[in-house]
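Quick note on the working numbering: the sequence shown kicks off at 35 and runs consecutively.
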Amino acid sequence: MKKSTLILLILLVLAACTKQSLQATYDKQIANIESFIQTTLNKDADARLIKEEEGIYRINLHDTLDRVLNRPDSLEWGGEVSLYYACFTLTSSSLSTSNLVATNLKDLAKQAQWNLTDESIFKLDTIKLDNRLIPGLAKGLRGVQPEDEGYILFTGKYGFGKTERGTIPARSALAYYFWIENISNEN
Numbered sequence: 035m036k037k038s039t040l041i042l043l044i045l046l047v048l049a050a051c052t053k054q055s056l057q058a059t060y061d062k063q064i065a066n067i068e069s070f071i072q073t074t075l076n077k078d079a080d081a082r083l084i085k086e087e088e089g090i091y092r093i094n095l096h097d098t099l100d101r102v103l104n105r106p107d108s109l110e111w112g113g114e115v116s117l118y119y120a121c122f123t124l125t126s127s128s129l130s131t132s133n134l135v136a137t138n139l140k141d142l143a144k145q146a147q148w149n150l151t152d153e154s155i156f157k158l159d160t161i162k163l164d165n166r167l168i169p170g171l172a173k174g175l176r177g178v179q180p181e182d183e184g185y186i187l188f189t190g191k192y193g194f195g196k197t198e199r200g201t202i203p204a205r206s207a208l209a210y211y212f213w214i215e216n217i218s219n220e221n
């Protein structure tokens, strides 16, 4: 066997092993997400799973609105949403302040014992629903309505991928707890 053929064969085997390992990671993340969803739905009779799309989920808490996707007061692609949020890495089937990685809520940051040197970040945030958002958040936010409160959860495949971002490890499953104030679909 030629040396170049042997090297190519070794590289193919390594690539296959890496792909299987990555899929196993995402499968475990989906199991954690589904366990979190089940626990949340069992705790809150008004909570509803609103969206489920290959590795991306949205739960609305205290959901009393009659929902129809794409109605005028639902966030559409290119629209803007004003919200409060907390982002957690999801390493098990529950959330804790030790896994909090981003928030614009001062009280939650204090609970997590963050060093609060720049308090200007603790304000209502307005973001545009476009390609600048990570895919899990963009797809999870599509269809939210004013006064919605809940969770958007997704696997590392729809987060930052193989890139580490600050305190967020590469390929991390993320859970966003959100409070929607306003939406605007005017471009």
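Every residue, glycine too, gets a C-beta built ideally from N, C-alpha and C.
Everything numeric in this text was worked out from a predicted model, so none of it was measured.
Residue interval of the beta strand (DSSP E) (run including residue i)
i, result
"D159", "D159 to K162"
"K85", "R82 to E87"
"G184", "E183 to F188"
"A79", "From DSSP, A79 is part of no beta strand (DSSP E); its letter is neither H nor E."
"S154", "No beta strand (DSSP E) holds S154; DSSP gives it neither H nor E."
Proximal residues to residue i (C-beta, below 7 angstroms), its chain only, five neighbours per side dropped
i, result
"K191", "Y60 and G89"
Of the listed residues the options, nearest to residue i (C-alpha basis)
i, options, result
"S218", "K62, S132 and L163", "L163"
"S126", "L171, N165, N133 and N66", "N66"
"I71", "F188, S206, N216 and I214", "F188"
"I214", "S69, A207, N133 and A120", "A120"
"I64", "E87, T131 and D80", "E87"
Cβ separation of residue i and residue j, assumed to be a contact under 8 angstroms, to the nearest whole Å
i, j, result
"R92", "G174", "5 angstroms"
"L109", "G177", "6 angstroms"
"I84", "N94", "5 angstroms"
Same chain only: Cβ atoms within 8 angstroms of residue i, ignoring 5 sequence neighbours per side
i, result
"G112", "K162, L163, D164, N219 and N221"
"D159", "S116, L117, Y118, Y119 and N138"
Beta-carbon contacts of residue i that lie in its chain and below 6 angstroms, excluding the five residues immediately before and after
i, result
"F122", "L129, N133, L134 and A209"
"L56", "none"
Endpoints, the alpha helix (DSSP H) within which residue i is located
i, result
"A143", "K140 to Q145"
"L171", "P169 to L175"
Count the CB pairs spanning the region 130 to 138 and the region 150 to 164 that are closer than 8 angstroms, and state whether there are at least three. yes
Do the region 141 to 149 and the region 177 to 184 meet, that is, are 3 or more Cβ pairs less than 8 angstroms apart? no
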